[in-house]
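Peer 1: Counting in the numbering used here, the sequence shown runs without a single skipped number right up to 608 at its last residue.
Beta carbons: idealized from backbone N, C-alpha and C, even for Gly.
Values in this document were obtained by computation on a predicted structure and should not be read as measured data.
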Amino acid sequence: MHPSTTPSQTPCARPLGLAAGTLALIFSGALLAPAATAAPDSAPAGSGWAATAYRGSVDVVEGPDEDQQTIDGTVFVDKDRDSVQDRNEPGLAGVSVSNGRDVTTTDGSGRYELPAFGNMTVFATQPRGYQVPVDENNVAQFFYHHLPEGSPELRHGGISPTGPLPDEVNFPLAKSKLTRSPEQHCLIGGDVQTYNQDQVDYARQGAFADLAARDDYAGCGTLFIGDVVGDDLSLYPQTRELAGMLNGPARFLPGNHDLDFDATTSEHTFDTFRANLGPEYYSYDAGKAHVVALNTVEFPTKLPAAKGDYTGSLDDRQLEWLRNDIAQVPEDRLIVLAAHIPLLDYADQGSAKHQVEQVAEIYQILEGRKVVAVGGHTHSIENLREGDSLAGWSELFGVDRLPFTHITAGAISGDWYSGRTLPEGYPTAVQRDGSLPGVLTLDIRNTDFRERFTVRGEDDSLQMALGLNTPRYRQWYAENLDNKGSAPEFADPLVVSRDDLAGTTWLTTNFWMGSTGSTVQVRIDGGRTVEAVRTQQMQGEGQLVGAEWSDPAAVQEQLVSGGSLADRMMHLWRLELPSDLAAGEHTAQVTATDVYGREFTETLTFQVAE
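Following this line, the structure appears as structure tokens:
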């Protein structure tokens, strides 16, 4: 289905498995249909990713090179998939290659040449219609680190000495119908953030098991946007093992929990990440999408420093690379700008530390382009649209309104694997905004995209939760703010007194991917349809925080079982319950419609007591 097509509804309900009576049953319509997985041109058809994946490596030709000031090599079509250029394997012209600062394109023979300097990573930008090789764990191989003396002594190893520049660094590519297709499904995984082996197992049984069952993303692959682990960098091998479950390429970005905290200079703070997973920043093409993966975490130059001393920022070298990279991209492309710390967000709207210092400059670089930005870091879902405005953005960054869509993708770890353990083998981990853990998919056709969030262990029909915000709930909330994780369960959450109806009780809809342009409509007992009101209008106001603006369904889980507190969000709608509801059982049918016309219908049954 093309992104502009409105889906038909196929209602189907099922329980969530959270606190009894708090999160509602969900109905959903069809989504953009995933493309059938196609084998690469030179692979046998009819078999899955594991059998057909282009496995290989960058070809590093032993040296040393006579010219240690320049790195060169060839980007070539690897017909026999052995990672080495043979006589009948042509070089590929027009491919971007970078040293992390300068960007060049290959000549008619596929040759490139770039200035060389210490501690650089050279990488090729995967072009449309081709795919870079992946290793045995599906980690994309498109880069070469140059660090002659290796990293300084680091607890987790860093980069081994590379010695002088090799004679050549050659980048193999295989032809691919998957990346040629105008239809792409790009998976974005936020904050896997495992701190120990138990949490690795939670990730395996949760989002990674879901991804292992999907076959729609083999072209664009999965991009994990930082906080790949939780400070313990010895867990990177387990992360690679998880990536081995995927049915497509895996790429990674660093987050503020992927640092070498014992590095004594900032240039080496991501060495162990680089050694295990790849460059700090890079780009690649799939279909008509150009994905730019940025490192937005900057650590102090005077080290060692405290773990929380990072800030959202790009250094001068990365900014120069971004300008040069975008300059090579045709105008008729969708730019997917991915980062760990979001350019701007709702959750941290008053914090310069948790947003990107150079955001106005980045907007200038992208001016006139079709762009969607995705970020992680906040362990929440946000869907901020062009024109949205929030107090703090102008004062901190000089940005009055967003120039394009910004999506905070949520976290695979949810709320840091907090809460009670479900029968499925992982914790509830309700996120800061009341959403559940999962992954984001950008469904792209040419340069049009639709975003969708898939909750861990569920299908795409689970998109929201309903609750009742009553005076009794707000009193329980106030009494238990200091008892987070050990509060007594809130009794009868879906019962409201008749005396509490008039102007003090709301039916709440937390529509996790809801945004400006979305609507929420409610029918009570089959009566007339009434439109609910979005609490956070995103028209320049500040955050609305507290019990009145919270998600009762999420909070009743969080205060009892642990985790963050869903006391603010930009995707909550409320409807004041009518004051004349009779005592007894009532049914509210809620239909949430997103900006693409997709409808999700949910029903909540509640009681009015005398």
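By DSSP's criteria, glutamate 405 is part of a beta bridge. Which residues make up the other side?
Peer 2: The sequence shown places isoleucine at residue 405, rather than the glutamate named in the question. According to DSSP, isoleucine 405 bridges with Val372 and Asn381.
Peer 1: Spatial neighbours of serine 232 within its chain, please: C-beta separation below 7 Å, excluding the five flanking residues on both sides.
Peer 2: His154
Peer 1: Would you identify the three-state DSSP class for threonine 591, choosing helix, strand or coil?
Peer 2: Strand, per DSSP.
Peer 1: Three or more C-beta pairs closer than 8 Å, one from the region 244 to 262 and one from the region 469 to 483: is that the case here?
Peer 2: no
Peer 1: Which residue wins for smallest C-alpha separation from glycine 188, given the options Ser548, Val226 and Asp480?
Peer 2: Val226
Peer 1: Could you spell out where the alpha helix (DSSP H) holding phenylalanine 395 opens and where it closes?
Peer 2: Segment 391 to 395, the alpha helix (DSSP H) holding phenylalanine 395.
Peer 1: Aspartate 80: buried (16+ other C-beta within 10 angstroms of its C-beta) or exposed?
Peer 2: exposed
Peer 1: Give the straight-line distance between the Cα atoms of arginine 212 and glycine 219, rounded to the nearest whole angstrom.
Peer 2: 11 Å
Peer 1: Hey, how far is the Cα of arginine 109 from the Cα of arginine 367?
Peer 2: 29 Å
Peer 1: On the three-state DSSP scale, how would you describe isoleucine 522?
Peer 2: strand
Peer 1: From the DSSP output, in three-state form, read off isoleucine 324 for me.
Peer 2: helix
Peer 1: Are the beta-carbon atoms of leucine 145 and glycine 116 separated by less than 8 Å?
Peer 2: yes
Peer 1: Buried or exposed: arginine 566, going by 16 or more other Cβ atoms within 10 Å of its Cβ?
Peer 2: Buried is the call here.
Peer 1: Would threonine 119 and proline 277 be called neighbours here (beta carbons separated by less than 8 Å)?
Peer 2: yes
Peer 1: Can you give me the Cβ contacts of glycine 242 inside the same chain, cut-off strictly under 8 Å, excluding the 5 residues immediately before and after it?
Peer 2: Glu134, Asn135 and Asn136
Peer 1: To the nearest whole angstrom, what separates the beta carbons of alanine 551 and glycine 432, a pair I think is in contact under 8 Å?
Peer 2: 7 Å
Peer 1: Exposed or buried, arginine 526, counting other C-beta atoms within 10 Å across all chains shown (16 or more means buried)?
Peer 2: exposed
Peer 1: Alpha carbon to alpha carbon, what distance is there between valine 528 and histidine 584?
Peer 2: It is roughly 16 Å from the alpha-carbon of histidine 584 to the alpha-carbon of valine 528.
Peer 1: Keeping to the same chain, check which residues put their C-beta closer than 7 Å to that of arginine 178; ignore five residues upstream and five downstream.
Peer 2: If we look at arginine 178 and ignore the five residues flanking it on each side, its Cβ neighbours are Arg126 and Gly127.
Peer 1: Quick check on the burial criterion: 16 or more other C-beta atoms within 10 angstroms. Buried or exposed for phenylalanine 121?
Peer 2: buried
Peer 1: Would DSSP call tryptophan 414 helix, strand or coil?
Peer 2: coil
Peer 1: Quick one: what does DSSP say tyrosine 142 is sitting in, helix, strand or coil?
Peer 2: strand
Peer 1: Is the number of C-beta pairs between the region 393 to 401 and the region 578 to 597 that are closer than 8 Å three or more?
Peer 2: no
Peer 1: Kindly indicate which three-state DSSP category glycine 204 falls into: helix, strand or coil?
Peer 2: helix
Peer 1: Just mark aspartate 458 as buried or exposed, buried being the case when its beta carbon has 16 or more other beta carbons within 10 Å.
Peer 2: buried
Peer 1: What first and last residue would you give for the alpha helix (DSSP H) that runs through valine 553?
Peer 2: From DSSP, the alpha helix (DSSP H) with valine 553 extends over 550 to 559.
Peer 1: According to DSSP, is proline 486 part of a helix, a strand, or is it coil?
Peer 2: coil
Peer 1: Residue range of the alpha helix (DSSP H) that threonine 177 falls in?
Peer 2: 175 to 178
Peer 1: Taking the alpha helix (DSSP H) that tyrosine 471 belongs to, which residues open and close that run?
Peer 2: Note, tyrosine 471: alpha helix (DSSP H), 469 to 478.
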